[in-house]
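Enquirer:
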Amino acid sequence: MAFSLKKKYDDLEQEISGLPVNSYNQLVFKKFLKHKLACLGAVVLITLIIFTFLGPLFFETAYDDMDFSAIFAPPLSENHFLGTDEIGHDVFVRIMYGGRISLLVGIVSSVVSTIIGLIIGLVSGFLGGVWDKLLMRFVDIMLSIPLFPVLLILSLVFGSGVFSIIMVLTVFGWMRVTRLVRGMTLSLRETEYVMASKTMGQNRVLIILKHILPNVIPIVIVTTTLNLSYAILAESSLSYLGLGIQPPMPSWGNMLQGSMSYILGTSTGYNPWWLTFFPGFFIFITVLNVNFLGDGLRDALDPKFVSES
Amino acid sequence: MKSYFLKRTLELIPIFFIISFIIFMLLNAMPGDPLLQMRMDNPRAFAQDPERLAELREYYQLDDPLIVKYFDWLKNILIGDLGFSSQYKISVSELIFSRLPNTLLLTVTAWVIGIVLALPIGIYAAVKKYSVFDYSTTVFAFVGISLPPFWFALMAIILFGVILQWLPISGIETYGIMGFWNVFVDRFRHLIMPAIVLGFIQVAFWVRYIRAALLEVLDQDYIRTAYAKGAKERRVIMRHALRNAMIPIITIIALDIPYFFGGALIVETVFAWPGMGRLMYNAVLASDYNLAINCLMFLAIITLLSNLLADVLYVVVDPRIKLDERKGG
């Protein structure tokens, strides 16, 4: 009897090993590839990163080089693919340099704020009790402070370098992640395997790291992309209002601000629309594709979220 | 119901104190000297009389400890004295109440545009799930969410204001226009672009939200029952589905009120619309301390109140919610 069972088991195992086996990562990857917009997003974003970070290496013009023979040159003119501004800065080159800063600020601040939010959320959800109440109240309060005016003031307080913008965006970017992670941790804390771990005397930190963190990670990745699109928009808004990255260092936001004075065409006699159009267009394309990517990641990573498309 | 409302309102009081304290500390960390404007306006008086500066600092109690200043400020808010704007030379409350109607006009118009566009589009997309229309709204929503508002505003100005010259590009009125009807048309023409820009951004969020909320309801058993009983599609959607889907929709529409005020800051700046957002932006830039701190507090109170409104509405429209159980989620 025992022998035949063993044989059956072996047969079954052989049968299974013949089938293609997908690991979790492979499954996620396959699901992601099915989401066409997300693939498009990933490709465009990688291209943008290569374009902004490696692109300037192939151009001799620097972001602050001035070409006085071509002032307000329209796009597609000789030597200046996207035209020039009022003192002959090449718009194409400045978009590459500006993109470096916009992407850097966005990526760093969204990743850092997500990590902070993750840690606070895990601790709050796992400890529960008074700590949880206090932390969640604090999150509520942070969320009810009108964000944009406060960002304005903070960027005045901290000054307007790349680092301080990252800091400002991080300080006010972690609350939503915290709420999300805390909610998940609360329910995960009550699962059998966490209970089992606890009764076996497992260290609390190890329980969080081994049992809770892996379950939270997918949601956190998705939120990071949302935070990224938000951070890029916020940085460009601040720079646009003159409180973010300061010229002559270009960022997509401050390039737009620079174009403001020429919009009416009164000082030039015609309208240099390309100064306004291209920087904003790049912000738009970046944020759009980050959102595509985030949507695809959510479909692929979240088992509870059944894809609609 | 009454006790719930009371409880939520009472809960606002400690939050009010904490937020006001955070705002106060922020504003005090801001660089700039509250007397700077005064000195710039009247350099000679200050040069002739060096002690004047110290007197003024004494008079405005600028050297008091922070905590004393904080409670002074709170006391002044409670008695309705918001101080004096160093930039505009009139009282802050007068300034705020002269700008508030402009912001309300802009945000309410944008809000209405948002609802009027988002509701039918969202509902139709949910009813015709996976149709071409549904997919186009998805793409449209992505575009709307990703559009930088200031760029959208600038491109609208370039296209409709500069190239086509259909609409005025900035401000709220043309100087020297007379007659009720002319003024009305003029205001309206100034309002169109900012309101559409401000409303459009929200439409994208709401369309997705409304669609999702309605789809969830359409999945329920009672919808199938209604169809099985032979009810017409129109009636099922209007009477059975939409009524239930409205619960989360109303909440999100109320919760988003502060976003309009936040978005108004950028839109007002781009279109030079003389409202609260622009007022506050200029106050911060000019270190107009009294004006900045009170505008910010005003916005914070609006945020708190709309959160309260959303919470209460949620309970009012959804009879299933038991008040004491709500706290857990």
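Those protein sequence lines, which keep their order, are chains A and B. Position one of the first sequence corresponds to residue -2 (the working numbering), numbered consecutively onward. Position one of the second sequence corresponds to residue 458 (the working numbering), numbered consecutively onward. No residue lacks a Cβ here, since even glycine has one placed at the ideal position from N, Cα and C. Quick caveat, the model's predicted, so the values are computed rather than measured.
(1) What residues in its chain sit with their C-beta under 7 Å from that of F474/B, if we drop five residues either side in the sequence?
(2) Nearest CA to the CA of P471/B: which residue from K459/B, L766/B and I758/B?
(3) Assign I150/A to one of two classes, buried (16 or more other C-beta atoms within 10 Å of its C-beta) or exposed (fewer than that).
(4) Using a Cβ-based criterion (distance less than 7 Å to any ligand heavy atom), does D292/A qualify as near the ligand NAD?
(5) Pick out whichever of A721/B, I476/B, M482/B and S744/B has its Cα sitting closest to the Cα of F145/A.
(6) Rounding to the nearest angstrom, what Cα-Cα distance links G96/A and M754/B in this structure?
(7) In angstroms, rounded to a whole number, what distance separates the CA positions of R91/A and V105/A?
(8) Figure out for me which residue from R644/B, G618/B, A698/B and E690/B has the closest Cα to the Cα of A670/B.
(9) Hey, how far is the Cα of K207/A from the Cα of V213/A?
(10) With 16 as the cutoff for other CB atoms within 10 Å, does G786/B come out buried or exposed?
(11) Which residues in chain A sit within 9 Å of P488/B, going by Cβ to Cβ distance?
(12) Would you say I667/B and G579/B are within 8 Å of each other, going by their C-beta atoms?
(13) May I have the straight-line CA-CA distance separating F160/A from F56/A, to the nearest angstrom?
(14) Going along the chain, which residues of the segment 734 to 747 of chain B sit with their C-beta nearer than 9 Å to a C-beta in chain A?
(15) What does G687/B touch in chain A if you count any residue whose Cβ is under 7 Å from its own?
(16) Quick one: is P605/B near chain A, going by C-beta distance under 8 Å?
(17) Is the beta carbon of T182/A less than 8 Å from the beta carbon of L294/A?
(18) By the 10 Å Cβ neighbour count, where 16 or more other Cβ atoms means buried, how is Q659/B classified, buried or exposed?
(19) If we cut at 8 Å on Cβ distances, does T388/A have a partner in chain B?
(20) Can you tell me where the alpha helix (DSSP H) with P454/B in it begins and where it stops?
(21) Which residues in chain B have a C-beta closer than 9 Å to the C-beta of S233/A? List them in chain order.
(22) Quick one: which chain A residues come within Cβ less than 9 Å of L675/B?
(23) By alpha-carbon positions, which one of S542/B, E515/B, L519/B and L624/B ends up nearest to F728/B?
(24) Identify, in the order they occur along the chain, each residue of the same chain with its Cβ nearer than 7 Å to the Cβ of I707/B, setting aside the five sequence neighbours on each side.
(25) Mapping DSSP to helix, strand and coil, what is S74/A?
(26) Could you work out which residues of chain B lie near Y237/A, taking near to mean beta carbons separated by less than 7 Å?
(27) Residues in its own chain within less than 6 Å of A685/B by CB, not counting five upstream and five downstream?
(28) What is the DSSP secondary structure of D87/A, counted as helix, strand or coil?
(29) To the nearest angstrom, report how far apart V674/B and E690/B are at their CA atoms.
(30) Mind checking V40/A: buried by the 16 CB within 10 Å criterion, or exposed?
(31) Per DSSP, F541/B forms a beta bridge with which residues?
(32) Using the three-state DSSP reduction, which class does T81/A fall into: helix, strand or coil?
(33) Suppose you measure from the CA of D82/A to the CA of M612/B; what does that come to, to the nearest Å?
Expert: Quick answer:
(1) For this step, residue 474/B is matched to residue 17 along the second sequence. Excluding sequence neighbours, F474/B sits near nothing in its chain.
(2) Taking the first residue of the second sequence as 1, we reach residue 471/B at position 14. The option with the nearest alpha carbon to P471/B is I758/B.
(3) The sequence position of residue 150/A within the first sequence is 153, counting from 1. Around the beta carbon of I150/A, 16 or more other beta carbons sit within 10 angstroms, so the residue counts as buried.
(4) As far as ligands go, the structure on display features none, and thus does not contain the ligand NAD.
(5) The residue given as residue 145/A occupies position 148 in the first sequence. Taking only the C-alpha atoms, the option nearest F145/A is A721/B.
(6) To locate residue 96/A, count along the first sequence from 1; it is residue 99. To locate residue 754/B, count along the second sequence from 1; it is residue 297. Spanning the alpha carbons of G96/A and M754/B requires a straight line of approximately 35 Å.
(7) Here residue 91/A refers to the residue found at position 94 of the first sequence. Here residue 105/A refers to the residue found at position 108 of the first sequence. Rounded to whole angstroms, R91/A to V105/A spans 21 Å at the Cα level.
(8) Along the second sequence, one-based indexing puts residue 670/B at 213. Nearest in C-alpha terms to A670/B, of all of R644/B, G618/B, A698/B and E690/B, is A698/B.
(9) Here residue 207/A is taken as the residue at index 210 of the first sequence, counted from 1. Here residue 213/A is taken as the residue at index 216 of the first sequence, counted from 1. Their Cα atoms are separated by approximately 11 Å.
(10) For the purposes of this step, residue 786/B is taken as the residue at position 329 of the second sequence. Caution applies to G786/B, whose pLDDT of 36 falls short of 50 and renders its modelled position unreliable; the value that the coordinates give is listed next. Classification of G786/B: exposed, given that the 10 Å Cβ count is below 16.
(11) Residue numbering aside, residue 488/B sits at position 31 when the second sequence is read from its first letter. The answer, in chain order, is L153, V154 and G156.
(12) As a first step, residue 667/B is located in the second sequence; it is residue number 210 there, counting from the start. As a first step, residue 579/B is located in the second sequence; it is residue number 122 there, counting from the start. Cβ atoms of I667/B and G579/B: closer than 8 Å.
(13) Counting from 1 along the first sequence, the entry for residue 160/A is found at position 163. Counting from 1 along the first sequence, the entry for residue 56/A is found at position 59. If I take the Cα positions, the gap works out to 27 Å.
(14) G734, M737, Y738, V741, L742 and S744: these are the residues of the segment 734 to 747 of chain B whose beta carbon lies less than 9 Å from some beta carbon of chain A, given in chain order.
(15) Taking the second sequence and counting its residues from 1, the one referred to as residue 687/B is at position 230. Ordered by position in chain A, no residue passes the 7 Å Cβ test against G687/B, which lies about 29 Å from the chain.
(16) As a first step, residue 605/B is located in the second sequence; it is residue number 148 there, counting from the start. It does; some Cβ of chain A falls within 8 Å.
(17) Looking up residue 182/A in the first sequence gives position 185. Looking up residue 294/A in the first sequence gives position 297. Cβ distance not < 8 Å, so T182/A and L294/A don't count as in contact.
(18) Counted from its first residue, the second sequence places residue 659/B at position 202. The C-beta of Q659/B has 16 or more other C-beta atoms within 10 Å across all chains shown, which makes the residue buried.
(19) This structure cannot settle anything about residue 388/A, because the visible part of chain A is limited to -2 through 306.
(20) Past the edges of chain B, shown from 458 to 786, lies residue 454/B, and the structure says nothing about it.
(21) One-based indexing of the first sequence puts residue 233/A at position 236. Within chain B, the residues P605, F607 and W608 have their CB atoms less than 9 Å from the CB of S233/A, given in chain order.
(22) As a first step, residue 675/B must be located in the second sequence, where it is residue number 218. Near L675/B there are no residues of chain A at all, since even the closest Cβ is about 13 Å away, more than 9 Å.
(23) Here residue 728/B refers to the residue found at position 271 of the second sequence. Nearest of S542/B, E515/B, L519/B and L624/B to F728/B, Cα basis: L624/B.
(24) As a working mapping, residue 707/B is identified with position 250 in the second sequence. The residues are L770 and V774.
(25) Residue mapping note: residue 74/A aligns to position 77 of the first sequence, counting from 1. It is a strand residue.
(26) If you number the first sequence from 1, residue 237/A lands on position 240. Under the 7 Å cutoff, chain B gives F607.
(27) One-based indexing of the second sequence puts residue 685/B at position 228. Cβ-Cβ distances below 6 Å link A685/B to nothing in the same chain once the five nearest sequence neighbours on each side are left out.
(28) As a position in the first sequence, residue 87/A is number 90, starting the count at 1. Residue state for D87/A is assigned as strand, using DSSP reduced to three classes.
(29) Within the second sequence, residue 674/B is the residue found at index 217, counting from 1. Within the second sequence, residue 690/B is the residue found at index 233, counting from 1. The straight-line gap from Cα to Cα measures roughly 14 Å.
(30) Position 43 of the first sequence, counting from 1, holds the residue named residue 40/A. That one is exposed.
(31) Against the second sequence, residue 541/B aligns to sequence position 84. Per DSSP, S548/B.
(32) Translated into positions along the first sequence, residue 81/A becomes position 84. The three-state reading of DSSP puts T81/A in strand, counting E and B together.
(33) On the first sequence, residue 82/A is found 85 positions in, with the first residue counted as 1. On the second sequence, residue 612/B is found 155 positions in, with the first residue counted as 1. Distance between the alpha carbons of D82/A and M612/B: 17 Å.
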